[in-house]
Amino acid sequence: MTTPPQPTVLKIMVIDDSSTIRRSAEIFLSQAGYQVVLAEDGFDALAKINDHHPALVFCDILMPRLDGYQTCALIKKSARFHATPVVMLSSKDGLFDRARGAMVGSSAYLTKPFSKDSLLSAVREHTAGALSQP
């Protein structure tokens with residue numbers, strides 16, 4: 001007797017220099033059945049993205065060393081990840097920040113602090129065609 005193949009769980013990457021934000025996102029996403037990859041900043045994310053191939057990336061804007069706009073632009077310039085949705089995270093909710101995020105290729109913008117519902121809603125919206133979702 002053969003068992004049917006298990007659906008592949010979506011991987012979500014969360015890039016934020018705040019351990020509180022990373023932990024909150026990890027808890028919300030893990031409880032919903034997603035696999036979570038955490039990165040402390042843009043350089044950390046770029047080092048991990050090739051190994052993990054996330055279906056979606058949440059990226060903080062204000063980070064040391066490599067900010068969210070630069071990180072998003074580098075992800076989007078990659079032939080391998082140009083189609084991967086990137087949702088910008090910021091405590092600022094200004095039109096300029098949203099426009100700048102769109103210019104570097106982000107799919108959406110989520111204001112911090114985010115709720116579990118808003119985070120999971122963003123995941124569902126931007127991974128609709130991906131493998132399987134809880």
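Position 54 (the sequence shown) corresponds to 54 in full-length UniProt numbering; numbering is contiguous. Beta carbons: idealized from backbone N, C-alpha and C, even for Gly.
- Excluding residues up to 5 positions away in sequence, Y69, C72 and A73 lie with their Cβ nearer than 6 angstroms to the Cβ of V104 in the same chain.
- Look at the beta carbons and you see the region 109-120 touching the region 86-93: at least three pairs across the two are nearer than 8 angstroms.
- Just measuring C-alpha positions, the residue of D44, A55 and F43 sitting nearest L29 is A55.
- Distance from the Cα of L95 is smallest, within the candidate group A108, V123, V86 and P85, for A108.
- Taking all protein chains shown into account, G33 has fewer than 16 neighbouring C-beta atoms within 10 Å of its C-beta and is therefore exposed.
- For M63, there is no enclosing beta strand (DSSP E), as DSSP gives it neither H nor E.
- Taken in chain order, the whole beta strand (DSSP E) runs of length 3 or more contained in the UniProt domain "Response regulatory" (11-127) are 11-15, 35-39, 56-60, 86-90 and 108-111.
- Of T84, D97, A99 and G101, the smallest CA-CA separation from E125 is found for T84.
- A check of alpha carbon separations from I21 across D41, T127, T8 and V9 identifies D41 as the nearest.
- Pairing F81 with I12 gives a Cβ-Cβ distance that is not under 8 angstroms.
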